[in-house]
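For reference, the structure discussed in these notes is given below.
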Amino acid sequence: MATTSTRKKGDRTDGAGGAGAPGGLSPLGWARWAWRILTSMRTALILLFMLALGAIPGSMLPQRVVSPDQVAQYYTEHPELAPWLERFFLFDVYSSPWYAAIYLLLFVSLTGCVIPRALAHLRLVRARPPKTPRNLGRMPYSARFTTDAEPERVLERGRSVFKRYRLERYGDSLSGETGYLREAGNVVFHVALLGLLVSLAAGYALGYRGNMLVAEGDGFANTLTSYDSFYPGVAADQDELAPFSFTLDSFDAKFVEDGGFSGQAESFRGEMTYKDHPGARERHHTLEVNEPLSVGGVQVYLLGHGYAPEFEVRDGEGEVVFDQPVPFLPRNGDPGQTSDGVVKVPDALPEGLGFEGVFLPTAQERTGEDGESELASVFPSPEDPAVTLTAYAGDLGMRQAQSVYQLDTSRMEELGASETLRPGDTWELPDGAGEITFKGYKDFATLQMTHNPGRLPALLSAALAVLGLLGTLFVRPRRAWVRASAGPDGRTVVEVAGLGKTESTANGQEFHRLATELRDRLREDPAADGPASSKE
Amino acid sequence: MVYQLAAETAAEQDLASFSDHLIIAMIVAYAVALFLFALEAAYGRRTALKGNRLVPVGAAAPAAAGGHGGEASAAAGGSSTVDLDAAPAPGAGGGTGGERDGDDLSFSVRGSEPQASASRNVLGAIALVVAGVGFVLNLAQIVTRGLAADRWPWGNMFEFVVAISLCSVAAFLYAALRYQARYLGTFILLPVVLLLGIAARWLYTETGPLVPALHSYWIAIHVSAAIVATGAFMVSGAAAITYLLSHRTEAKRAMGERVAGIAAKLPSPELLDRVSHRFVVIAFPLWTFAIIAGAIWADEAWGRFWGWDPKEVWSFITWVIYAAYLHARATAGWKGTRSAWIGVLGFAALMFNFFGVNYMFSGLHSYA
Ligand code: HEM
């Protein structure tokens, strides 16, 4: 087929650039050779394949970026295997050195192969159609007819019939080419891929991500210390965070009440007031799962929702030493959203107090598997909230950094467990250690803030890639020729030929239509210049 | 609203159960069409297909078709919108067959169309109609379900499968009418019926509301693009697999072996190869777009546009394989078996992305 043969002769050096290894070359020669190999298209494609293959283990094993808990769980389940996997960075595939190596090599390869192509294409865009071949009869499409019109007239007509083509006159013939947009689209697509790689890398390096839990009524100011966890990119400027702030005025979670989907989340909605910077005007935003707040180049997302029961604690001396809501984390996968948390009161006297608690949004007695009656939450919204607590007294070990969701009871003594507490209930601790009141609860939202400077460039590159792709795939580059020469009988012999340069142009319909049109027009009025104009 | 389901009207419930009945009707229609197509493939006569319409080349005759040539005479076949169909397939396969016409315009077309033939008989035409009926039922099922649930009707695996079937069948009907690709019927309806069976038996979910993460107009954009692309990839995959079978038949024939049964009556490999390529060309940009739309949505819903979620990873892998497929054809000039295998591989990745990822890995994308 024409397509294949023109490709094989190849105006491009696509193969594994000079695959034959050069014997006895200078270092420079070797470097050139290596560069040619690296920037050959085959290498780029192999690297791309490796990028995809390398992504597979990351999709099968738990990843720290996605779910650190599952990684920890994997460690407990496969204590032998896990450290080995760790050695190959298989829990951090996408930030591992080997993945970065593939990525960087691909980047270099793609740059090396795409940029010269783009430049070559720039030259090509301005090039004239090549010389008319001698034997037009060999073209995939060729037609021949005779006419009374003069050869010059034929070529003039040819110009108007083949007006979509860029035309060049060579002696007794016209040589035309069209469909330049395909090459252009191809270059745009490949350059856009480069742009995408760069934007992704820039986003990772310069951006940051942080998580934060905010209860109803609480505020947040964008400083490093306000975050529960913070993940800066390698080159992120942590001292210059955008100076915005906001308050979560209210938060509302709705769940489907009955039917087969009972308990499924229906909507989460947070009303917030925010400011771009301390002196700015206050504005409002309704935060929902698909409605992040965009402020100061940072996106604030709603990730999850939970309850923060409010406690007031009096110590053994009768002083109120604690009075605030404490976020309890929902148990994974529990349809009733049973939540766990701890209350730490290190300043209580005579001894520090600590509580481990369970919050049940809709508490109900039911018979457990062992036949004992137990308390469980049957619905995720707080229809009948209750708390059970276990109290400890002693040293909370607060001098060490510790999680706010865990109580270190190694130096504490258990005081006992409470009855089920409803809002307003107070539990008197044994031995006059104090008392704790469950005052009520608030909703809290888990939020994620991300700053990713690569977002817009990535989007732009992606959009360009799609446009370029459409050009590459659907524009059909083709060449056409018209030759007019005087025949033996005094009539002019006209030859028309066409060549589709890609797979999808093999067919001659368009050429045939144009050839026929040329023939018809010449027959209509062999001596005129155009339908409307008079004879010259 | 909280009481949405409780307050669901009787009409909505009727609609939901009507929609469920349609599932059965649609599967039956497809199965019957499949049966008839298989009969055609097995017992039809191998008939040459008309040239030039097999692949949509020059289909979009650019601009001004028939705008001039006021002189309508131009003798036989000389109208300005030329359909080469009209000319007795000019030396298909090469040679310089010529065709005298009116003002002695002679032309030759070489190497354009491989001689193509496929097994045909009247059952195939009936099958096509039945498949069309199945398509209408399928569409009705989706529409009624959407109305019953009062939302965009693809939010869970069951609904995805039904929608993918719709798109595959639509792509097939298009191919059948446009490129005479009726011979693909067996190969496309087989996976469709299987998928729908699996969906009805194991994936069925009653009509209901979506989780909040899916409350977005992006579901209409991202998921629709992915579903349409999947439908087109499915036609391409079916054609690629048929190609490989047909290629073997041809190889056996070349070795002098006798080939019997359906294998003997498969359409010619060149044709299948082209159809397969054509549908990748259609599906690939759509798939690219679907991935990008997904990234934009992920950016809105999860706070990052790319997070190496298993679904994202496998969409990417699928994309790379199909990109390699196009590359292999466009630049390496690979055709035939090697590129067909890449196509099959791509299709396998696509299916794995759909089933494997949803059931084997947990990620943000699991709505199963
Ligand atoms: C070394 C780098 C690369 C070079 C030199 C290169 C070159 C080419 C060439 C010559 C074409 C065919 C254009 C035509 O037929 O007019 C092409 C098409 C294409 N390339 Fe690349 N490419 C490279 C890397 C990539 C990469 C990394 C991808 C990513 C997936 C990619 C995706 C595509 C696609 C989708 C097409 C369209 C195929 C078609 O025309 O049917 N290329 N490329």
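Chains as they are written, first to last, in the numbering used here: chain S, 1118 to 1653; chain L, 863 to 1230. Yeah, the Cβ is synthetic: ideal placement off N, Cα and C, and Gly gets one too.
Query, Result
"Where the stretch 1009–1021 of chain L meets chain S: residues whose CB sits under 8 angstroms from a CB there", "none"
"Test item: CB-CB of Y1344/S and M1329/S under 7 angstroms", "yes"
"Own chain, CB closer than 7 angstroms to A1353/S, minus 5 neighbours either side, in chain order", "L1323, G1324, Y1325"
"Option nearest P1467/S by Cα separation, candidates A1318/S, E1486/S, Y1509/S, P1570/S", "Y1509/S"
"Whole-number beta carbon distance between D1501/S and L1513/S, since they are thought to touch under 8 angstroms", "L1513/S to D1501/S, Cβ: 31 angstroms. No contact."
"Between the CA atoms of V1188/S and Q1180/S - distance to the nearest angstrom", "6 angstroms"
"Proximity of V1175/L and S1176/S at Cβ, strictly below 7 angstroms", "yes"
"Burial state of P1015/L (16 or more Cβ within 10 Å)", "buried"
"Sub-7 angstroms separation of F1428/S and V1460/S beta-carbons", "yes"
"7 angstroms Cβ cutoff met for V1090/L and L1001/L", "no"
"Same chain only: Cβ atoms within 6 angstroms of M1515/S, ignoring 5 sequence neighbours per side", "P1463"
"Anticipated Cβ contact below 8 angstroms, R1572/S with G1171/S, distance rounded", "The pair is not a contact, with the Cβ atoms about 24 angstroms apart (cut-off 8 angstroms)."
"Residues sharing a beta bridge with S1292/S, DSSP", "E1285/S, W1598/S"
"Within-7 angstroms CB hit, W857/L to chain S", "Residue 857/L cannot be examined here, being either before or after the span of chain L that is shown, 863 to 1230."
"Three-way DSSP call (helix, strand, coil) for V828/L in this model", "Only positions 863 to 1230 of chain L appear in this structure, which leaves residue 828/L out of reach."
"Candidates E1269/S, G1615/S, S1362/S, V1406/S: closest to L1399/S by CA position", "Going by the sequence as given, residue 1399/S is Glu instead of Leu. The shortest C-alpha separation from E1399/S is found at S1362/S."
"Reduced DSSP category for M1158/S - H, G, I as helix; E, B as strand; rest coil", "helix"
"Environment of W1201/S [buried if 16+ CB atoms lie within 10 Å]", "exposed"
"Span of the alpha helix (DSSP H), counted from its first residue to its last, around I1232/S", "1214–1243"
"A1211/L, DSSP secondary structure in three states", "helix"
"Neighbour list for G1175/S in chain L, Cβ cutoff strictly below 9 angstroms", "W1170, P1172, V1175"
"Best match in G1557/S, V1308/S, V1210/S for proximity to P1577/S [C-alpha to C-alpha]", "Correcting the residue type first, residue 1577/S is Leu in the shown sequence and not Pro. Measuring from the Cα of L1577/S, the nearest candidate turns out to be V1308/S."
"Residues bridged to Y1344/S (per DSSP)", "In the DSSP output, where bridge partners are listed per residue, Y1344/S has none listed."
"Counted within 10 angstroms of its Cβ, other Cβ atoms place P1196/S as buried (16 or more) or exposed", "exposed"
"Partners in chain L for N1449/S, counting only beta-carbon separations shorter than 7 angstroms", "Those within 7 angstroms of N1449/S in chain L number zero; the least Cβ separation is about 11 angstroms."
"Q1187/S in three-state terms, based on DSSP", "helix"
"Expected contact under 8 angstroms - CB spacing of V1142/L and L1188/L to nearest Å", "7 angstroms"
"Where the beta strand (DSSP E) containing S1379/S begins and where it ends", "Neither: S1379/S is in no beta strand (DSSP E) and is coded neither H nor E."
"Nearest candidate by alpha-carbon position, reference L1107/L, set A1155/L, H1084/L, L1133/L", "L1133/L"
"Any chain L beta carbon closer than 7 angstroms to R1153/S", "no"
"Whole-angstrom distance between R1608/S and T1243/S, CA atom to CA atom", "The displayed chain sequence assigns Arg, not Thr, to residue 1243/S. Straight-line Cα distance between these residues: approximately 36 angstroms."
"Cβ contact (3+ pairs, closer than 8 angstroms) linking the stretch 1534–1548 of chain S and the stretch 1254–1269 of chain S", "no"
"Neighbour-count burial assignment, Y1424/S, 16 or more Cβ in a 10 Å radius", "buried"
"Cβ shell of S1226/S (< 7 angstroms), same chain only, five flanking positions each side left out", "L1155, T1156, T1160, A1161, L1164"
"Residue range of the beta strand (DSSP E) that includes G1302/S", "Counting along the chain, G1302/S falls outside any beta strand (DSSP E), though it belongs to the alpha helix (DSSP H) covering 1297–1323."
"Interface residues of chain S facing G1093/L [CB-CB closer than 8 angstroms]", "Those do not exist, as G1093/L stays about 18 angstroms from chain S at its closest Cβ, beyond 8 angstroms."
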